[in-house]
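Q:
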Amino acid sequence: ARSWIYARHLVLIVECFGANFGYLKQTKNHGTYRVDLIVALFGRVVDLHNFEFVMKVLAPSEVACLYCRLGWLNLYNPCKPEGAWELDMSRREERVIAKTLCVLATNEPGDNWVYNTFRWMRS
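Sequential numbering of the sequence shown, starting at 3, is according to the numbering used here.
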């Protein structure tokens, strides 16, 4: 196939799809039909650095489903690492993200990590 889309086009597709039946829960797979649609079209998105626009139109449970199905490294954008992070160092993907955050924190000026904590166990 020779069809490619931008992240902003995927946002429009997801919003149009969700207006009628995209919020229905799937029983066979993990997530909603909107999550299935995004997973199916993820390989066709040419500007993954703008994928946070897709994440903004989703419910928190749908975002969690995307992280489970596509993986942290596919959805992580090292050019825009904003927000709070809770990483599990026993998982390889999350260790790689922690390493990139450490490199960014040491190379960028100023205090980048505010209210940082480390815990052995999640409480």
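Backbone N, C-alpha and C fix where the C-beta goes; we use that ideal spot for every residue, glycine too. It should be emphasised that the depicted structure is a prediction, and the values quoted were computed from it without experimental measurement.
By DSSP's criteria, I7 is part of a beta bridge. Which residues make up the other side?
A: The partner list for I7 (beta bridge, DSSP) reads V47.
Q: Give me, in chain order, the residues of the same chain whose beta-carbon lies closer than 8 Å to that of P80; leave out the 5 immediate sequence neighbours on both sides.
A: Within the same chain, P80 has close Cβ partners T102, L106.
Q: What distance in whole Å lies between the Cβ atoms of V37 and L68, which are believed to be in contact at a cut-off of 8 Å?
A: Contact holds; Cβ gap of about 6 Å.
Q: Distance, Cα to Cα, D113 vs R10?
A: The straight-line gap from Cα to Cα measures roughly 32 Å.
Q: Could you check how far apart the C-beta atoms of R71 and H32 are, in whole angstroms? I think they sit under 8 Å.
A: About 6 Å; that satisfies the 8 Å criterion.
Q: Among residues of its own chain, excluding the 5 on either side of L43, which ones have a beta-carbon nearer than 8 Å to its beta-carbon?
A: Cβ within range, chain order: I7, L12, I15.
Q: On a Cα-Cα basis, can you pick out the residue from V47, F19, T34 that is closest to R4?
A: Residue V47 is the option with its Cα nearest to R4.
Q: Do E64 and T34 count as a contact pair if the criterion is CB distance below 7 Å?
A: Closer than 7 Å, so yes.
Q: Are the CB atoms of E88 and W74 within a distance shorter than 7 Å?
A: No, Cβ-Cβ distance for W74 and E88 is not below 7 Å.
Q: Where E17 and E84 are concerned, what is the direct C-alpha to C-alpha distance, given to the nearest angstrom?
A: Whole-angstrom Cα-Cα distance: 24 Å.
Q: Going by beta-carbon coordinates alone, are I99 and Y78 separated by less than 7 Å?
A: In this structure, Y78 lies closer than 7 Å to I99 by Cβ.
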